[in-house]
Amino acid sequence: MTVTVNTVSSEGFRHSVQIDDHELFADVPTTAGGEGTAPEPHDYFDAALGACKALTLKMYAKKKDIPLTGVTVEVKRDNSQEQQGKYALHVKLTLKGVLTDAQREELHRVADRCPVHKLMTTSEVSIETHLSEGAFSQ
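Numbering (full-length UniProt numbering), first residue to last: 1 to 138.
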């Protein structure tokens, strides 16, 4: 899987984001000089956590025959101290279905074990950036 990001217009900040057969867009907010036409990269970072928690809970519930009919995940961020190395995400789970208290607690625990949550909190991420070579890199 490759993610490819391309500038849409030389004048603005809007970019297309191609992930396999899916196309998304990214922009910066108007307060930062963008047009605000699409989510900014931080939004996708936060959304990845919410989507992972929801999908993990649905898969887990199906596997364990827990009558979970739906999930709503709200992710709010506090990036006020991001420059100091602190980025706080606050997650609110709404579990839908006729669930016992024990099932609700079990799903609550499972939500924090989704792969993206673990990636964000326990993994050392390595990023190497290289310049492309050739005629189109000018």
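Where a beta carbon is used, it is the ideal one built from N, C-alpha and C, also for glycine.
Check your understanding: Roughly how many angstroms lie between the CA atoms of Val125 and Thr4, to the nearest whole one?
Key -> 19 angstroms
Exercise for review: Return yes when the Cβ of Lys92 is within less than 8 angstroms of the Cβ of Glu106, no when it is not.
Suggested key: Judged by their CB atoms, Glu106 and Lys92 are not nearer to each other than the 8 angstroms cut-off.
Exercise for review: Could you pull the start and end residues of the alpha helix (DSSP H) that His130 belongs to?
Suggested key: Where His130 is concerned, there is no enclosing alpha helix (DSSP H), given that its DSSP letter is neither H nor E.
Check your understanding: Which same chain residues, not among the five before or five after Asp20, have their C-beta less than 7 angstroms away from its C-beta?
Key -> Met1
Exercise for review: For Asp101, count neighbouring Cβ atoms within 10 angstroms of its own Cβ and tell me buried if that reaches 16, exposed if not.
Suggested key: exposed
Review point. In the DSSP assignment, what are the bridge partners of Asn6?
Key: Ser16
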